[in-house]
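J.:
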Amino acid sequence: MKIKTCFLLLFLSIGLQAQETPKKTIHKVLDAWHDAAARADFEAYFNLMGEQSAFIGTDAMENWQRKAFEAFSRPYFDQGKAWAFQARERNIYLSADGSVAWFDELLDTWMGTCRGSGVLEKAGDSWKIRHYVLSITIPNEEVEPVIALKKSKDSLIRKQVQRNW
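See below:
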């Protein structure tokens, strides 16, 4: 009887260890997504995004729906020069039913330290990125010169972009 109990406990513990938590899975998805860009693997990168998804870039006019983002990104991937973002810190949150996750991450990028945030949705057995926002971080004590630098461009954007609701 003791041998059966030991085997049962062994198999149960192996089974529990084999189950990956949703947060670990999401970490892997996001790391794979960033890695696909660093390797300029277009298919792997976009396969991790939902069919209806958005990428919001650092420029005020960069609000890319997936198809437009694919068209914009294709030349970079084709030249083998996409982008390399390495997550340094990441926080993941899950909806009560476990079908939606949102996150924020601190990134090392060619632009220096940036912040990414986004939303993933569970699609069958996999997670798909539905929304991603990339932001350049600016230390609070350095914001005044940045405001001055952006002033003329911001005035053009205010004229060009109107409320649409």
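Heads up: the sequence shown is residues -18 to -1, 1 to 147, going by mature numbering (1 follows the signal peptide of the UniProt record, and there is no 0).
From the three backbone atoms N, C-alpha and C, an ideal C-beta is built for every residue, glycine too.
1. To the nearest angstrom, how far is it from the Cα of residue 163 to the Cα of Leu131?
2. Tell me whether Asn73 sits in a helix, a strand or coil according to DSSP, three-state version.
3. Does the stretch 56 to 63 come within contact of the stretch 77 to 94, defined as at least 3 CB pairs closer than 8 Å?
4. Report all residues from its chain with a CB closer than 8 Å to the CB of Val128; omit the five preceding and five following residues, and keep chain order.
5. Taking the alpha carbon of Gly98 as the reference point, which residue from Glu2, Trp15, Lys5, Arg48 has its own alpha carbon closest?
6. How about Phe59 and Asp90: are their beta carbons less than 9 Å apart?
7. How would you write the range of the beta strand (DSSP E) that Asn45 sits in, first residue to last?
8. Considering only the alpha carbon of each residue, which of Ala78, Ser117, Gln144, Ile111 lies closest to Cys96?
9. Under the rule that 16 or more other beta-carbon atoms within 10 Å means buried, what is Arg145, buried or exposed?
10. In the DSSP assignment, find the unbroken beta strand (DSSP E) run with Asp90 in it and report its ends.
11. Could you tell me the alpha carbon to alpha carbon distance between Ala78 and Val143, rounded to whole angstroms?
12. According to DSSP, is Phe112 helix, strand or coil?
13. Cβ of Tyr114 within 9 Å of Cβ of Phe37?
14. Which partner residues does residue 152 have in the DSSP bridge list?
T.: On the basis of the supplied data:
1. This structure cannot settle anything about residue 163, because the visible part of the chain is limited to -18 through 147.
2. strand
3. no
4. Ile120
5. Trp15
6. no
7. 45 to 47
8. Ser117
9. exposed
10. 82 to 91
11. 36 Å
12. In the sequence under discussion, the amino acid at residue 112 is Arg, which differs from the Phe named in the question. Residue state, collapsed to three classes: strand.
13. yes
14. Coverage of the chain is limited to positions -18 through 147, which leaves residue 152 absent and any answer about it impossible.
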